[in-house]
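Residue numbers (the numbering used here), protein chains in the order written: chain E, 355 to 695; chain W, 355 to 695. Structure record follows, encoded as structure tokens.
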DNA sequence: TTCTCTACTGTGAACGTTCACAGGAGCATC
DNA sequence: GATGCTCCTGTGAACGTTCACAGTAGAGAA
């Protein structure tokens, strides 16, 4: 009586069966697709469910089926960067909603330290989620391998590099997007086009740099390493990289930056150096995150289709849980024209 | 054999018991705090757990205990604004980590539409989570009331206004923070201090405006409604509000803006109108979100202690699940000096 | 009629835990 | 030497489902 909250016990399948005048088995059949149930029985059960307010006890169900009917959203990131990155939001929201449409709850898991990674790996392999949506920018991530080896259905966001095991992933066409942006910058007449890369142990970092190099080579503009500076996707690293570019190649007239957040930093550095954007230096970003709208001038950038990415991650994961083989999905990007280039 | 993944069945408590040469009951006792267990037995059980890699089956446990050992993080927001707002990130991350420290998984739930709210309310009241962390800026939110009435432990972020039922909440000292900022602006010698408010059906919106009004009144500066413009926490609304302020009170020399995101918009409008910040108009924000660092000039703002807020929300919720009464926690804010004021 | 087939329904067992209880061992007290 | 107490341990029942199987009724064919 004085227990916490004092919630009354919710109705069970027995209550529904009694109320509908049928057996447990029939109620269970109605609940699970309703094969081989007479319409009269089905109607009675559905009415009884409505009257009693019955909701299936997922723990009891999971205990016998071995499935948990939930999936994990796993973030293995030592840095706090993910939470600084607005893309993360969109992805998380998209996945939650796509799963909700299937009535599948999402468990958010953050494994920053090695100890946490071990704990969460055990939790997952014990069968407490049916599958995992993995968001980890860096490669060499042992969690993906461990989970794959344990046979846990898994879909990564972005291509996991350097991994023998076949693992599903959904990614934007990073290289094509980078190509499109650099081609656009060249089409504006720019010839000294620099780049600020993402971290080169991430697929996005590698691919976007590759697209940049390809286009410059195809245009007959030789590789000039002074035009390339490394960043780590953070705003501050973009600012520092731009300073290095300006020092090494003061004649630069355009920059392709591998993320909008870094592009914010690049803008700040350029303005401090007295360069006008886009008149003196054209700047192209990547992501089309909210950050791209907040800059002055607004950022021309490559849109990553986050809505589709999250929807596809969920689709591929559910398919894999249903027994299908791993799959890779690449989605096209889109050039968004604004004022910075 | 050809089932999905083909995971082998994980070890059960029976396996551990056999391995350790004790009974189920003893293993269970070790698992749950280890009261009344001899050290010999405990050591044997712990060794057996390590050898077998046993992880408790939470579904079986939940079935009998009636607890789920998980909590929900519920977002009831019609707009997408929450995901635009970097504060949300910090809050979510903080809650996840605070819960992880107690080994409690977090279920992320988004209830944008009324249909979703109903579905999620049923899910929650069916006992699938032990408690709910509620993040909903707007009042009149029926979910909080329904959940409270159903006896579900609940902690809101920010004080839910206009609700009869006693509900726990954790909030920053909005009014005091606003007072501190406005006092600071006055101390700079500014006399025509305007404000851009948050939505007035949110506690933050109401309280921050109240703090502004109090300080002006105490300073003997009468209420001038032309110095007050409404926003909805979004960047765009801040921009529009600033334009209205400039039109109605062109002599304004400072603005207190109820969120950093809106302050971004205010800055853009001021710069377009040719006003220098902070020389002509000093601008003070609220939140100390990452947005405050991204502006030019960097934003002087009121820091909300998000880390402590999330930690306190979790603490109060777990206490309530443990049977304690609801509680309200108010945490102090802090003025962060940067360049905009 | 009688048999077979199909469509539907009910029932016992099982899933892996916790809980309540019963009982044993050891020790001190009377 | 009996009694009581404390500490520890094992065991049966229960939680609310699903699954496999057995059984019933009705329709159609021989």
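All residues carry an ideal CB built from backbone N, CA and C; glycine is no exception.
Listed in chain order, the non-local C-beta contacts of residue 639 of chain W below 6 Å within the same chain comprise 611, 614, 617, 646, 653, 655, local neighbours out to five positions each way being set aside. At the C-beta level, residue 685 of chain W and residue 663 of chain W come within 8 Å of one another. The beta-carbon distance between residue 581 of chain E and residue 542 of chain E, rounded to whole angstroms, is 16 Å. This is too long to meet the 8 Å contact definition. Chain W places no beta carbon closer than 8 Å to that of residue 620 of chain E, leaving this residue out of the contacts.
Residue 448 of chain W and residue 660 of chain W do touch by the CB rule: their CB atoms are close to 6 Å apart, below 8 Å. Sorting W:499, W:487, W:555, W:482 by C-alpha distance to the C-alpha of residue 670 of chain W places W:487 at the top. Taking C-beta atoms under 8 Å as the contact rule, residue 551 of chain E and residue 585 of chain E qualify, at a distance of about 6 Å.
In terms of beta-carbon proximity, residue 663 of chain W stays away from the interface with chain E, with every pair separated by 8 Å or more.
Identification of chain E residues near residue 450 of chain W by a Cβ-Cβ cut-off of 7 Å yields 462, 464, ordered along the chain. The beta carbon of residue 595 of chain E does not come within 8 Å of any beta carbon belonging to chain W, so the residue lies off that interface. Residue pairing for residue 610 of chain W: DSSP places it in a beta bridge opposite W:549, W:638. Within chain E, no C-beta atom comes less than 7 Å from the C-beta of residue 386 of chain W; the nearest is roughly 17 Å away.
Beta-bridge partners assigned by DSSP to residue 449 of chain W: none are found. Scanning the region 465 to 497 of chain W from its first residue to its last, the whole beta strand (DSSP E) runs of 3-plus residues come out as 485 to 489.
Contact of residue 501 of chain E with chain W is not assigned, every C-beta pair being separated by 8 Å or more. Residue 524 of chain E is positioned such that its CB atom lies closer than 8 Å to that of residue 509 of chain E.
Think of a sphere of 8 Å around the beta carbon of residue 416 of chain W: the chain E residues whose beta carbon falls inside it are 413, in chain order. Interface with chain E (8 Å Cβ-Cβ cutoff): residue 482 of chain W is included. Shortest Cα-Cα distance from residue 533 of chain W to any of W:412, W:472, W:572 involves W:572. Assignment of residue 523 of chain E by DSSP, reduced to helix, strand and coil, places it in the strand class.
Closest by C-alpha distance to residue 460 of chain E, out of E:693, E:407, E:672, is E:672. Between the alpha carbons of residue 381 of chain W and residue 372 of chain W lies a gap of roughly 10 Å.
Interface annotation for the region 639 to 661 of chain E against chain W: 644, 645, 647, 648, 649, 650, criterion Cβ-Cβ distance under 9 Å.
As DSSP reads the structure, residue 391 of chain W sits in no beta bridge. In the DSSP assignment, residue 385 of chain E falls within the unbroken alpha helix (DSSP H) covering 378 to 385. Annotation for residue 463 of chain E: 426, 428, 474 place their beta carbon closer than 6 Å to its own, counting only its chain and skipping 5 residues before and after.
Exposed is the label assigned to residue 576 of chain W, since fewer than 16 other Cβ atoms lie within 10 Å of its Cβ.
Between the alpha carbons of residue 667 of chain E and residue 681 of chain E lies a gap of roughly 10 Å.
Interface with chain W (8 Å Cβ-Cβ cutoff): residue 372 of chain E is excluded.
Residue 632 of chain W is outside the set of residues whose beta carbon lies under 8 Å from a beta carbon in chain E. A distance below 7 Å between beta-carbons, with the five flanking residues on each side excluded, links residue 391 of chain E to the following residues of its chain, in chain order: 380, 383, 384.
In the DSSP assignment, residue 426 of chain W falls within the beta strand (DSSP E) that extends over 425 to 429. Burial check for residue 559 of chain E: the Cβ neighbour count within 10 Å reaches 16 or more, so the residue is buried. At a cut-off of 8 Å between beta carbons, residue 400 of chain W makes no contact with chain E.
For residue 557 of chain W, no Cβ of chain E is located within less than 8 Å of the residue's own Cβ. A Cβ-Cβ contact shorter than 8 Å links residue 544 of chain E with residue 608 of chain E.
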